[in-house]
Amino acid sequence: MIPDSDPKTVSQANLSSNWPRIEVDLDEDLSFNPITLDLQNFQLCSHKKGSPESEKKCWTLGPACVWETSNQMGLGTLKCTRENGEVLVWNFTGQKLAQVQQFVHDCKVALGVVMETITTICPGCGASLKGEETCLTCNPLPEEKGTSLKMLLRLYDFAKPQMPLIVLGFFLTLLSTLVGLIPPYLTMPLTDDVLIPMQQGKLKNFTPVFWYIGFLALAAAGTWVLEWARSFFSSWVSERISANLRMRTYSHLHTLSMEYFGSKRTGDIMSRISSDTYQLCNFLSSHMVDFASDILMVILTAVTLFAINPILAVASLTPFPFISFLVYKVRGNLLSGYRKGSIVWSDMTSVLADTIPGIRVVKAFAQEKREIERFDQANERVILANDRINLWWAIIWPLISFTTTLGLLVVWAVAAWQIYQGQITVGVLTAFLAYIGRFYARSESMIRFMSYAQRASASAGRLFEILDRKPSVPEPIQPIHPEKLDGNITIRDLRFSYGSREVLHGINLDIRKGEMIGIVGPSGAGKTTLINLICRFFDPTHGSISVDGNDVRKYPVSEYRKNIGMVLQDPFLFFGSIADNIAYGKPGVTREEVIGAARFAKAHPFILNLSEAYDSLVGERGQSLSSGERQRVSIARALLVDPGILILDEATSALDAETEKELQGALENLVEGRTTIAIAHRLSTLRRADRLVVMDKGKIVEVGTHAELINKDGLYSRLHKAQQTLAAGYTI
Amino acid sequence: MELQDGSTHGNLIPLSLFPLSDGSKHILLMDGDHREICMVEDLEKLTPTLSHAITVELLRNRFMLKLIKIHKVSSFRTPAEWSVLTDRGESSLILPSEESLRRLPDDGALIQDSQGLRYLVQGISKMDGFSRKVIEYYI
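If you read the protein sequences in the order shown, they are chains A and B.
Heads up: the first sequence begins at -17 in the working numbering, then just goes up one per residue.
Heads up: the second sequence begins at 343 in the working numbering, then just goes up one per residue.
So this is what it looks like as structure tokens:
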């Protein structure tokens, strides 16, 4: 096809001195070795970097050249087919794709090929984008996640509703810290004014001791009450913050597309929502408050110490630079130790997640020993990782205690000297020692906090990773409310890629209201992908699907899906009664409707045989149903929703021929009057279909009725013959 | 290409059957319709020209680089940019998330960058200290 030449574009291009030019990063051996491509005066020249000018190759190109770019598993290919049929090929890594596409666009303009305006290109991977859609090809790189501190600060969002209580909690902390400072202060007059005079025989009266002890007891009681109130309020608040976080994460999870669930391990998502929020709750309720009170205590103690005696105060602070230095030195080691610990831990749980569902296979092949060994290895790695963390702590704690003890000795020495000089009294020394004990203890707990904070920030990061994930099936900005759809489906030039691999290459199909379409083809032909796109589990990379004349992207997702009924190969029953399972898509229907749907789906008879009839519990932990029975429940489920569009994805594949025949009646009731799209491997199940669509390698290859396709002698008739021979083989 | 039985074939597609555990052994040659033509047991036993041609074609089909050394990483937090040395020259990659790096049996690892490009690491314990540290940080 020779595109029309647009004289305006050509003249513009000729006038401009900016001829397209690009550097691709791979050579013909696919080694990293840049090749410069530039187009000048209809001549495309390719020159390998560092090679002599004589090795430059040039070709004359015209507007009829066909350009093609692709990206397969990170290897980009630029193909240019010349008018004489010669194909020029260059390769590059995926990150260059956007630039190469721009280059191709520029070349087409320069060569005078009329171009549609180029669609926006995803900055992450170079795939074309339209409008505000997120790029499905790569999910563009998130912004720099920021430091662990930032991660924790983001929790503020979730804490906002609890602000008054948090302020109250802080106030209580301040108060209890202040009260906690009283007892050591009282030891000063107790020693100087009471104990020492008493010892020297100057004081004959014992009552002051009662007073002081009484005050000390009062202060202790005050601290106790305040501490109690403080920890109660902070737990109360943190419980609500983490519940809020859990809720927001879980509800956000439901907006994410199937793609996300496909790429994540279930265990991982579950642990994020359960154990990571628990970690955070713990952190917020105890460690965080402890830390706040530690800081207050340290500051206030320091102030008090300086107020009593600046020289002694300086002496007591001497261990601090050493401790800070130590902490700074091992921080990185500890952090990576904790990370490693959590990674090997999740490795170990994955061994469990792997073997327990596969326990039948393990037992059948008598491989228990090998699985135990596998677990043992993972367990061994956990020990190793934790040993490393413990080793660091084992080094650091004694060192810190040693430094503080040394600090204490310095205080003793300085105090002794000052007492000797008559500058301070023994009481001051006693008070100092009491204060310093607390001071050092608090600073130790602050160091401990550092590791809690690292852990909590890792947890917060894992949660925000879910929360920051944008749904890849976006809600429309100006939605059209579908109410009840008739089910006229129009598919135009539909393309879809999983990652960089395109699996649907331009599908065009019209399905009339009430028509039953059977989709057949070998595995990997893209049948399920097509269905997933019609259901809007994903959005297409290119092209559109319209239902009743509107692009499906214009309907709100959930309203649209209410018009679709699905019967899948392996129907999933939730834990609950059979009635609840039938009413799953339409909660709140009457019992009569449930029974009616069950009758239509021919599920009624077997339900009557269950011990509690419609109240029988099914699903995990419930009564087990046969696959035919479960399929009937799922047909009833779809019937009750009364959808305009019905999807049957291998609905009867898992059943034996007899059960399938029994189910046929139920299915016919369901299909009646609805636009139906059915996928089946067993061609015989598609006998009722009005038209059959044969797919192969992501394309539609044949469309027609069974008889037409058999006569055509194409892929369908080959598949049909193969199945017949197979069936004949079985009967022998 | 001519086989021992004298038949000739064109446009063959090679496919490594164990690309991660031993990429140079067991290479299947298929024609355009994915019909098996023959099996190359060991690439190294072929003539250098032939084995080179098959290697390049293998890469064209399923591109994968062998990571030899990591020079520099922009950050240990993801996404991070790494500058690396591969069996096909110097390159840089963007590691999109921690899960893009996974452990393989026999002391190996597989990295998938933000473009879907794969980097195979073999013998982590034999790598230089920095490279080993980076990889072991994630697995």
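Glycine included, C-beta positions come from ideal geometry on N, C-alpha and C.
Bear in mind the structure is a predicted one, so any value in this text is a computation, not a measurement.
Q) Can you list, in chain order, the stretches of the alpha helix (DSSP H) that have 4 or more residues and sit fully within the segment 309 to 358 of chain A? A) Qualifying alpha helix (DSSP H) stretches, in chain order: 341 to 346.
(Q) I'd like the ranges of any alpha helix (DSSP H) spanning at least 4 consecutive residues and lying wholly in the segment 404 to 446 of chain A. (A) Complete alpha helix (DSSP H) runs here, min 4: none at all.
Q: Could you name the residues of the same chain whose beta carbon sits closer than 6 Å to that of Leu467 (chain A), not counting the 5 residues immediately before and after it, in chain order?
A: Here residue 467 (chain A) refers to the residue found at position 485 of the first sequence. When the five nearest sequence neighbours on each side are left out, the beta carbons in the same chain lying within less than 6 Å of the beta carbon of Leu467 (chain A) are those of Val529, Asp530, Asn545 and Gly626, in order along the chain.
(Q) Spatial neighbours of Cys380 (chain B) within its chain, please: C-beta separation below 7 Å, excluding the five flanking residues on both sides. (A) In the second sequence, the residue the question calls residue 380 (chain B) occupies position 38. The answer, listed in chain order, is Leu345 and Leu371.
Q. In the structure shown, what three-state DSSP assignment does Met498 (chain A) receive?
A. Numbered from its first residue, the first sequence carries residue 498 (chain A) at position 516. Look at Met498 (chain A) here: in three-state DSSP terms it is strand.
Q | C-alpha gap between Phe74 (chain A) and Glu684 (chain A), whole angstroms | A | Within the first sequence, residue 74 (chain A) is the residue found at index 92, counting from 1. Within the first sequence, residue 684 (chain A) is the residue found at index 702, counting from 1. Rounded to the nearest angstrom, the two C-alpha atoms are 36 Å apart.
Q: Could you check which residue in B:Lys367, B:Leu427 and B:Lys387 has the C-alpha nearest to that of Asp470 (chain B)?
A: The residue labelled residue 470 (chain B) in the question sits at position 128 within the second sequence. Nearest in C-alpha terms to Asp470 (chain B), of all of B:Lys367, B:Leu427 and B:Lys387, is B:Leu427.
Q.
On the CB-based measure, 16 or more other CB atoms within 10 Å of its CB, does His269 (chain A) come out buried or exposed?
A. Numbered from its first residue, the first sequence carries residue 269 (chain A) at position 287. It is buried - the Cβ of His269 (chain A) has at least 16 other Cβ atoms within 10 Å.
Q.
Which residues does DSSP list as the beta-bridge partners of Asn291 (chain A)?
A. Numbered from its first residue, the first sequence carries residue 291 (chain A) at position 309. According to DSSP, residue pairing for Asn291 (chain A) in a beta bridge does not occur.
Q) What are the residues that DSSP puts in a beta bridge with Glu378 (chain B)? A) Counting from 1 along the second sequence, the entry for residue 378 (chain B) is found at position 36. Glu378 (chain B) is bridged to B:Met372.
Q. Between Arg662 (chain A) and Ile516 (chain A), what straight-line distance do the alpha-carbon atoms span, to the nearest angstrom?
A. For the purposes of this step, residue 662 (chain A) is identified with residue 680 of the first sequence, where counting begins at 1. For the purposes of this step, residue 516 (chain A) is identified with residue 534 of the first sequence, where counting begins at 1. As written in the sequence, residue 662 (chain A) is Ala, which differs from the Arg given in the question. Cα-Cα distance, rounded: 17 Å.
Q.
Counting only Cβ-Cβ distances shorter than 9 Å, please list the residues of the segment 265 to 295 of chain A near chain E, keeping chain order.
A. Although the question refers to chain E, the structure presented lacks it and instead comprises the protein chains A and B.
Q) Smallest Cα separation from Val396 (chain A): which of A:Ile293, A:Pro303, A:Gly419 and A:Glu353? A) Start at 1 with the first residue of the first sequence, and residue 396 (chain A) comes out as number 414. Of A:Ile293, A:Pro303, A:Gly419 and A:Glu353, the residue nearest in Cα terms is A:Ile293.
Q. For Thr667 (chain A) versus Thr634 (chain A), is the C-beta distance shorter than 8 Å?
A. For this step, residue 667 (chain A) is matched to residue 685 along the first sequence. For this step, residue 634 (chain A) is matched to residue 652 along the first sequence. It is a contact, given that the beta carbons lie within the stated cut-off.
**Q.** Exposure label - Leu476 (chain A); buried when at least 16 CB within 10 Å
**A.** Here residue 476 (chain A) corresponds to residue number 494 of the first sequence, with the count starting at 1. So Leu476 (chain A) counts as buried.
**Q.** CB contact below 8 Å: Asn545 (chain A) versus chain B
**A.** Walking along the first sequence from the start, residue 545 (chain A) turns up at place 563. Using a Cβ-Cβ cut-off of 8 Å, Asn545 (chain A) does not count as an interface residue toward chain B, since no Cβ of chain B sits closer than that to its own.
Q: May I have a chain-ordered list of the beta strand (DSSP E) segments no shorter than 3 residues that lie completely inside the segment 359 to 443 of chain B?
A: Within the segment 359 to 443 of chain B, the beta strand (DSSP E) runs of at least 3 residues that lie entirely inside it are, in chain order, 367 to 372, 378 to 384, 406 to 415, 422 to 428 and 431 to 437.
Q: Look at the Cβ atom of Leu665 (chain A), then the Cβ atom of Leu628 (chain A), and state whether they are nearer than 8 Å.
A: For the purposes of this step, residue 665 (chain A) is taken as the residue at position 683 of the first sequence. For the purposes of this step, residue 628 (chain A) is taken as the residue at position 646 of the first sequence. Cβ atoms of Leu665 (chain A) and Leu628 (chain A): not closer than 8 Å.
Q | Rounded Cβ spacing between Gly58 (chain A) and Lys78 (chain A) (contact assumed at less than 8 Å) | A | Translated into the one-based positions of the first sequence, residue 58 (chain A) becomes position 76. Translated into the one-based positions of the first sequence, residue 78 (chain A) becomes position 96. Right, the Cβ-Cβ distance comes to about 6 Å (below 8 Å), so this counts as a contact.
(Q) Could you check whether the Cβ of Arg460 (chain B) sits closer than 8 Å to any Cβ belonging to chain A? (A) For the purposes of this step, residue 460 (chain B) is taken as residue 118 along the second sequence, with counting starting at 1. In terms of beta-carbon proximity, Arg460 (chain B) lines the interface with chain A, with at least one pair separated by less than 8 Å.
Q | As assigned by DSSP and simplified to three states, the class of Val485 (chain A) | A | The residue given as residue 485 (chain A) occupies position 503 in the first sequence. Strand at Val485 (chain A).
Q) The alpha helix (DSSP H) with Val95 (chain A) in it runs from where to where? A) Along the first sequence, one-based indexing puts residue 95 (chain A) at 113. Where Val95 (chain A) is concerned, there is no enclosing alpha helix (DSSP H), given that its DSSP letter is neither H nor E.
Q | Bridge partners - Phe786 (chain A), DSSP secondary structure assignment | A | Since the displayed chain A opens at -17 and closes at 714, residue 786 (chain A) lies outside it and no answer follows.
(Q) I want to know whether the segment 229 to 236 of chain A touches the segment 193 to 203 of chain A - three or more CB-CB distances under 8 Å. (A) No: the two stretches stay apart, fewer than three of their Cβ pairs being nearer than 8 Å.
Q) So, Tyr260 (chain A) versus Ser433 (chain A), is the Cβ gap smaller than 8 Å? A) Working through the first sequence from its first residue, we reach residue 260 (chain A) at position 278. Working through the first sequence from its first residue, we reach residue 433 (chain A) at position 451. Tyr260 (chain A) places its beta carbon 8 Å or farther from that of Ser433 (chain A).
Q | 8 Å Cβ cutoff, Ser699 (chain A) in contact with chain B | A | Counting from 1 along the first sequence, the entry for residue 699 (chain A) is found at position 717. For Ser699 (chain A), the answer is no, since every Cβ of chain B falls outside 8 Å of its Cβ.
(Q) Just to confirm, is the Cβ distance from Leu443 (chain B) to Pro421 (chain B) under 8 Å? (A) To locate residue 443 (chain B), count along the second sequence from 1; it is residue 101. To locate residue 421 (chain B), count along the second sequence from 1; it is residue 79. For Leu443 (chain B) and Pro421 (chain B), no; Cβs fall outside 8 Å.
Q: Measure the C-alpha to C-alpha separation of Trp424 (chain B) and His413 (chain B) and round it to an integer number of angstroms.
A: Residue numbering aside, residue 424 (chain B) sits at position 82 when the second sequence is read from its first letter. Residue numbering aside, residue 413 (chain B) sits at position 71 when the second sequence is read from its first letter. Straight-line spacing of the CA atoms in Trp424 (chain B) and His413 (chain B) works out to 7 Å.
(Q) The beta strand (DSSP E) that contains Ala660 (chain A), what's its start and end? (A) Walking along the first sequence from the start, residue 660 (chain A) turns up at place 678. From DSSP, the beta strand (DSSP E) with Ala660 (chain A) extends over Thr657 to Ile661.
Q.
Just verifying my parser: in three-state terms, what is the DSSP assignment at Ser593 (chain A)?
A. Within the first sequence, residue 593 (chain A) is the residue found at index 611, counting from 1. Reduced to three states, the DSSP call for Ser593 (chain A) is coil.
Q: Please classify Asn591 (chain A): is it buried, with 16 or more other beta-carbons within 10 angstroms of its beta-carbon, or exposed?
A: Walking along the first sequence from the start, residue 591 (chain A) turns up at place 609. Burial call: exposed.
Q) Name the DSSP beta bridge partners of Gln22 (chain A), please? A) Sequence index remark: in the first sequence, residue 22 (chain A) carries index 40 (1-based). Answer is A:Gln25.
Q) Less than 8 Å separating the beta-carbons of Ala438 (chain A) and Leu147 (chain A)? A) Your numbering for residue 438 (chain A) matches position 456 in the first sequence. Your numbering for residue 147 (chain A) matches position 165 in the first sequence. The Cβ atoms of Ala438 (chain A) and Leu147 (chain A) lie no closer than 8 Å to each other.
Q) In angstroms, rounded to a whole number, what distance separates the CA positions of Leu452 (chain B) and Asp429 (chain B)? A) One-based indexing of the second sequence puts residue 452 (chain B) at position 110. One-based indexing of the second sequence puts residue 429 (chain B) at position 87. One C-alpha to the other measures close to 15 Å.
Q) If you drop the 5 nearest sequence neighbours on each side, which residues of the same chain put their C-beta closer than 6 Å to that of Phe472 (chain B)? A) Counting from one through the second sequence, the residue named residue 472 (chain B) turns up at place 130. Excluding five sequence positions before and after Phe472 (chain B), none of the CB atoms of its chain fall closer than 6 Å to its own CB.
Q: Less than 8 Å between the CB atoms is what I'm expecting for Ala660 (chain A) and Gly500 (chain A), so what's the real figure, rounded?
A: As a working note, residue 660 (chain A) is residue 678 in the first sequence. As a working note, residue 500 (chain A) is residue 518 in the first sequence. Right, the Cβ-Cβ distance comes to about 5 Å (below 8 Å), so this counts as a contact.
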